[in-house]
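A.B. asks:
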Amino acid sequence: MEGQDYYAKAPPSDNRDDTDSTATVMGDESAPTPRPANVSRAEDWSLMPQVKQQHERDVASGFKSRELGVTWKNVNVEVVSSEAAVNENFLSQFNIPQKIKDGRNKPPLRSILQNSHGCVKPGEMLLVLGRPGSGCTTLLKMLSNRRLGYKSVEGDVRFGSLTHKEANRYHGQIVMNTEEELFFPTLTVGQTMDFATRLKIPFNLPKGVESAEAYRLEMKKFLLEAMGISHTNDTKVGNEYVRGVSGGERKRVSIIECMASRGSVFCWDNSTRGLDASTALEWTKAIRALTDVMGLSTIVTLYQAGNGIYDLFDKVLVLDEGKQVYYGPMSQARPFMEDLGFVCREGSNVADFLTGVTVPTERKIRPGYENRFPRNADMLLAEYEKSPIRAQMMAEYDYPDSDLARERTDNFEMAISHDRSKKLPKNSPMTVDFVQQVKACIIRQYQILWGDKATFIIKQVSTLAQALIAGSLFYNAPNNSGGLFVKSGALFFSLLYNSLLSMSEVTDSFSGRPVLVKHKGFAFFHPAAFCIAQITADIPVLLFQISIFSLVVYFMVGLTMSASGFFTYWVLVFATTMVRALPWYLINNV
Numbered sequence: 143m144e145g146q147d148y149y150a151k152a153p154p155s156d157n158r159d160d161t162d163s164t165a166t167v168m169g170d171e172s173a174p175t176p177r178p179a180n181v182s183r184a185e186d187w188s189l190m191p192q193v194k195q196q197h198e199r200d201v202a203s204g205f206k207s208r209e210l211g212v213t214w215k216n217v218n219v220e221v222v223s224s225e226a227a228v229n230e231n232f233l234s235q236f237n238i239p240q241k242i243k244d245g246r247n248k249p250p251l252r253s254i255l256q257n258s259h260g261c262v263k264p265g266e267m268l269l270v271l272g273r274p275g276s277g278c279t280t281l282l283k284m285l286s287n288r289r290l291g292y293k294s295v296e297g298d299v300r301f302g303s304l305t306h307k308e309a310n311r312y313h314g315q316i317v318m319n320t321e322e323e324l325f326f327p328t329l330t331v332g333q334t335m336d337f338a339t340r341l342k343i344p345f346n347l348p349k350g351v352e353s354a355e356a357y358r359l360e361m362k363k364f365l366l367e368a369m370g371i372s373h374t375n376d377t378k379v380g381n382e383y384v385r386g387v388s389g390g391e392r393k394r395v396s397i398i399e400c401m402a403s404r405g406s407v408f409c410w411d412n413s414t415r416g417l418d419a420s421t422a423l424e425w426t427k428a429i430r431a432l433t434d435v436m437g438l439s440t441i442v443t444l445y446q447a448g449n450g451i452y453d454l455f456d457k458v459l460v461l462d463e464g465k466q467v468y469y470g471p472m473s474q475a476r477p478f479m480e481d482l483g484f485v486c487r488e489g490s491n492v493a494d495f496l497t498g499v500t501v502p503t504e505r506k507i508r509p510g511y512e513n514r515f516p517r518n519a520d521m522l523l524a525e526y527e528k529s530p531i532r533a534q535m536m537a538e539y540d541y542p543d544s545d546l547a548r549e550r551t552d553n554f555e556m557a558i559s560h561d562r563s564k565k566l567p568k569n570s571p572m573t574v575d576f577v578q579q580v581k582a583c584i585i586r587q588y589q590i591l592w593g594d595k596a597t598f599i600i601k602q603v604s605t606l607a608q609a610l611i612a613g614s615l616f617y618n619a620p621n622n623s624g625g626l627f628v629k630s631g632a633l634f635f636s637l638l639y640n641s642l643l644s645m646s647e648v649t650d651s652f653s654g655r656p657v658l659v660k661h662k663g664f665a666f667f668h669p670a671a672f673c674i675a676q677i678t679a680d681i682p683v684l685l686f687q688i689s690i691f692s693l694v695v696y697f698m699v700g701l702t703m704s705a706s707g708f709f710t711y712w713v714l715v716f717a718t719t720m721v722r723a724l725p726w727y728l729i730n731n732v
C-alpha cells in the first residue's frame with residue numbers, strides 16, 4: 143500500500159482545522175506528503191461536483207456550518223447478564239421470598255465496553271472493526287447518544303463542546319443507521335423518500351431556490367442518484383411478505399433515508415450488509431465526499447471491508463471483547479499489528495487482517511514470535527498502551543474545550559436555529575412546524591392504505607356482506623313486544639361488529655411502531671403528529687364504512703323510520719367505533 147495517499151482531508155469551510163494528525167506517527171519520516179486541503183479522496187465520485195455546488199450555494203447564502211465532531215473518554219458500558227434477566231417460568235415472577243433473596247445481591251453484570259476513547263473531528267471518518275459481540279454496535283449507540291437499555295453507562299462523551307445531555311435536544315443531528323431495514327412495505331421508494339425529504343425542508347431556503355417543493359425534489363433526486371436507485375422510484379419497498387425491491391436496494395433506501403436527516407454526526411452500523419462490492423465502495427465514496435465537503439463526523443462499523451473502502455477512512459478502531467486494542471491512524475494499524483508478530487497475508491484485506499488478529503483460529507504468526515505475540519485482548523491492549531500511537535491520539539482529547547470546538551458548536555446551533563420553523567419551540571429538534579408534520583403523516587397514511595388496496599377493498603366488501611347478513615337475520619322486526627328483542631339484538635350487533643372491526647388496527651399499529659421510533663430518532667416528526675394523522679386519516683374511511691353498514695342494517699331491520707332516529711343510530715355507531723379505536727392509536731404512540 144506504499145505510495146498511496148491516505149491523509150487527505152477536505153475542509154468544508156475556512157475555519158476547518160487543517161492540522162493532519164496522521165501525517166507522522168511513531169516517527170514515520172517516510173509518510174507521504176498530505177495532499178492539498180481542498181482535494182478529497184472521493185474526487186472521482188460521480189456526484190462530487192453537485193455536492194460542492196450545493197455547499198458553495200449554502201456558503202453564498204450566509205448559512206453557518208454544521209461542524210460538530212464527537213469526543214469520548216473512559217466510556218464503560220455494562221448490562222445485566224442474560225441469565226439473570228430470564229425467569230424460569232411464569233409463576234417464578236411472583237415468588238416473593240426468592241425476589242427478596244435476589245434483591246439482597248446485586249445482579250451479575252457483563253461489561254460490553256471498557257475504557258473506550260477517541261475523537262472524530264469534523265471532516266474525519268472512523269472505521270470500527272471487531273468480530274460480532276465485541277461491542278461495535280454498543281460503541282456506535284454511545285456515539286449517537288442512545289443510552290437507553292443499559293444497566294450503567296460511565297465516561298465522558300462530548301459532541302462539539304456539548305455534553306451528552308445538552309446534545310439531546312439535537313438528536314436529529316446525531317443519527318444512527320442500524321442494520322435493520324424498517325419501512326412501511328406498501329409504500330414505494332419514491333413515497334418513502336417524499337416523506338423523509340418533506341420533513342427536512344429548512345425554513346430559510348438557499349439563494350436561487352424557487353420554493354420549498356423545488357428544494358425537496360432536488361434533495362430527493364440527489365439521494366436517489368447517490369445510491370443509484372432512481373429506477374426504483376415507483377416500486378414498493380416491500381418485505382418478506384410484500385413483493386418489492388431487492389434486498390440490496392432496500393438497504394440503499396435505508397441509507398438515503400438516513401442521509402435525508404441532514405445530520406452532522408452519522409453512525410453507520412454495518413450499512414454495507416447486503417450490498418455488492420462495487421455498490422459498497424460507491425456508498426463509502428459518497429460518505430467520504432459528504433464528510434469532506436460538509437464537515438460531517440462519520441463513524442462506521444463494517445464486517446467485510448475491501449482495501450478500496452478501508453483506504454477512504456482516516457482512523458481505525460479495533461475492539462476485542464469490549465477492549466479497545468487499537469485506535470489510531472488508518473495507515474499505522476497494519477504496521478502496528480505486524481510489529482507485534484502478526485502476518486497480513488499477501489493480497490488480503492487489511493480490515494479483515496485487523497479483525498482476524500482478535501480471532502485465534504484466523505490469525506497467522508510470524509516465525510520467531512510464537513512465544514511472545516499478544517495472545518488475548520488484555521495483552522494486545524497492554525502493547526497498545528505502551529505505543530506512541532496512544533499518546534499521539536490522546537493529544538486530541540482536549541478538542542471539546544478548545545476555542546475552535548466552541549466556535550464550531552456556536553455556528554452549529556445557529557445553523558439549526560436558522561433551519562427550524564419559527565412556529566416551533568426554540569429547543570425543538572424538528573425542522574418543519576407541527577401542522578406540516580401532521581399533513582405529511584396524513585398523506586403517508588393514505589399512501590399506505592392505497593398501497594394495500596386489496597385489504598381495504600376486502601374490508602369494505604366484508605362489511606357490506608355482514609350488514610346484509612345481519613339485516614336478513616333481523617329483517618323487518620315487528621313493532622311490538624315480540625320485536626323488542628330482535629331490534630335490541632340488531633342494535634347490539636351494530637355496536638359490537640364495528641367495535642371489533644376497529645381492533646384489526648392493532649396489528650398495523652404495532653407493526654408500524656419500529657418505523658415510528660426510527661423516524662423519531664431522525665427528528666422527522668413528533669409522535670403526537672403521527673397519532674393525530676392516523677385518527678384524521680381514518681375518519682373519512684370510517685364515515686364511508688359505517689354509512690354503508692348503517693343504511694343496510696337500519697332499513698332492513700325496520701327501525702324507526704325517521705331522520706332523527708336514523709342519524710341518532712348512525713352517530714352512536716360512529717362514536718362507539720372511534721372511541722374503541724382511539725386507545726390503540728394512543729398505545730402505539732406512548
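With the working numbering applied, the sequence shown covers 143 to 732. Ideal placement from N, C-alpha and C gives every residue a C-beta, glycine not left out.
Between P542, V395, S413 and P502, which lies nearest to K362 when the distance is taken from Cα to Cα?
C.D. replies: Per the Cα distances, V395.
A.B. asks: Any contact of the region 567 to 582 with the region 667 to 674, i.e. 3+ C-beta pairs under 8 Å?
C.D. replies: Yes, since at least three Cβ pairs between the region 567 to 582 and the region 667 to 674 fall closer than 8 Å, the two stretches touch.
A.B. asks: Which one or two residues does DSSP pair with S439 in a beta bridge?
C.D. replies: Answer is E266 and V407, bridged to S439.
A.B. asks: Please classify V721: does DSSP put it in a helix, a strand, or coil?
C.D. replies: V721: helix per DSSP, three-state reduction.
A.B. asks: Anyone know if the C-beta pair for V695 and A632 falls short of 8 Å?
C.D. replies: Yes. Within cutoff.
A.B. asks: Cα separation between V458 and E323?
C.D. replies: Spanning the two alpha carbons is a distance of roughly 26 Å.
A.B. asks: Does the Cβ of Q195 have 16 or more other Cβ atoms within 10 Å, making it buried, or fewer, making it exposed?
C.D. replies: Label assigned to Q195: exposed.
A.B. asks: With DSSP as the reference, please indicate the residues paired to E296 in a beta bridge.
C.D. replies: The partner list for E296 (beta bridge, DSSP) reads N218.
A.B. asks: How close, in whole Å, do the beta carbons of C261 and Y541 come, if the pair is a contact with beta carbons under 8 Å?
C.D. replies: 6 Å between Cβ atoms; contact.
A.B. asks: Give me, in chain order, the residues of the same chain whose beta-carbon lies closer than 6 Å to that of A609; leave out the 5 immediate sequence neighbours on both sides.
C.D. replies: F691, V694 and V695.
A.B. asks: Quick check: the region 459 to 469 against the region 490 to 507, are there 3 or more CB pairs under 8 Å?
C.D. replies: As far as the Cβ criterion goes, the region 459 to 469 touches the region 490 to 507, which means the pair count is three or higher.
A.B. asks: Would you mind giving the Cβ-Cβ distance between A184 and K506, rounded to the nearest angstrom? I have them listed as a contact below 8 Å.
C.D. replies: Not really, about 33 Å apart at Cβ, beyond 8 Å.
A.B. asks: Classify T330 as helix, strand or coil using the three-state DSSP reduction.
C.D. replies: Strand at T330.
A.B. asks: Which one of V217, V221 and L269 has the shortest CA to CA distance from N287?
C.D. replies: Closest by alpha carbon: V217.
A.B. asks: Measure from the alpha carbon of L643 to the alpha carbon of each residue in R273, G700 and V603, then state which is nearest.
C.D. replies: Among R273, G700 and V603, the Cα nearest to that of L643 belongs to V603.
A.B. asks: Excluding sequence positions up to five away, which residues of its chain have a Cβ less than 7 Å from the Cβ of R532?
C.D. replies: If we look at R532 and ignore the five residues flanking it on each side, its Cβ neighbours are Y526.
A.B. asks: Determine the closest residue to L591 out of L210, V212, I254 and Q333, with distance taken between C-alpha atoms.
C.D. replies: Of the listed residues, the one whose Cα sits closest to L591 is Q333.
A.B. asks: Can you tell me whether Q315 is helix, strand or coil according to DSSP?
C.D. replies: Coil, per DSSP.
A.B. asks: Who are the near neighbours of M472 in its chain, counting only those whose CB is closer than 8 Å to its CB and skipping five residues on each side?
C.D. replies: These residues qualify, in order along the chain: Y148, T164, L269, Y452, D453, F455, D456, K457 and V458.
A.B. asks: Kindly provide the ranges of any alpha helix (DSSP H) runs that are 4 or more residues long and lie completely inside the region 566 to 601, ordered along the chain.
C.D. replies: The region 566 to 601 contains these whole alpha helix (DSSP H) runs: 576 to 593.
A.B. asks: Quick check: V379 and F345, are their CB atoms within less than 8 Å of each other?
C.D. replies: Result no, Cβ atoms of V379 and F345 do not sit closer than 8 Å.
A.B. asks: Which of the three DSSP states, helix, strand or coil, is assigned to Y511?
C.D. replies: Coil.
A.B. asks: Starting from G390, trace the alpha helix (DSSP H) in both directions and tell me its first and last residue.
C.D. replies: That run of the alpha helix (DSSP H) goes G389 to M401.
A.B. asks: Comparing alpha-carbon positions, which option in A557, T330 and F652 lies nearest L210?
C.D. replies: Ranking A557, T330 and F652 by Cα distance to L210 puts A557 first.
A.B. asks: Looking at the strands, I want to know which residues DSSP matches up with P471.
C.D. replies: According to DSSP, which records beta bridges pairwise, P471 is partnered with K457.
A.B. asks: Where E372 and H560 are concerned, what is the direct C-alpha to C-alpha distance, given to the nearest angstrom?
C.D. replies: Rather than Glu, the amino acid found at residue 372 in this sequence is Ser. Using only the alpha carbons, I get a separation of about 31 Å.
A.B. asks: Helix, strand or coil for L684, going by three-state DSSP, please let me know.
C.D. replies: Helix.
A.B. asks: Just to confirm my understanding: we take D594, look at its own chain, exclude 5 residues before and 5 after, and list those with CB closer than 6 Å. What are they?
C.D. replies: So the qualifying residues of the chain are T328.
A.B. asks: Please report the distance separating the alpha-carbon of G204 from that of W425.
C.D. replies: Taking the straight line from one Cα to the other gives about 29 Å.
A.B. asks: What is the DSSP secondary structure of C278, reduced to helix, strand or coil?
C.D. replies: C278: helix per DSSP, three-state reduction.
A.B. asks: Roughly how many whole angstroms lie between the Cα atoms of M521 and Q256?
C.D. replies: In a straight line, the C-alpha of M521 is about 15 Å away from that of Q256.
A.B. asks: In whole angstroms, give me the CA-to-CA distance for S388 and G416.
C.D. replies: Those two C-alpha atoms are separated by around 10 Å.
A.B. asks: Give the secondary structure of Q446 by DSSP, where H, G and I count as helix, E and B as strand, and everything else as coil.
C.D. replies: Residue state, collapsed to three classes: coil.
A.B. asks: Can you round the beta-carbon distance between L189 and F364 to whole angstroms, since I take them to be within the 8 Å contact cut?
C.D. replies: That pair is a contact at about 7 Å.
A.B. asks: So F716 and L684 are in contact, right, with Cβ under 8 Å, and what is the actual spacing, rounded?
C.D. replies: Going by Cβ atoms, the distance from F716 to L684 rounds to 7 Å, so yes, they are a contact pair.
A.B. asks: How long is the line joining the alpha carbons of A431 and V193, rounded to whole angstroms?
C.D. replies: Whole-angstrom Cα-Cα distance: 8 Å.
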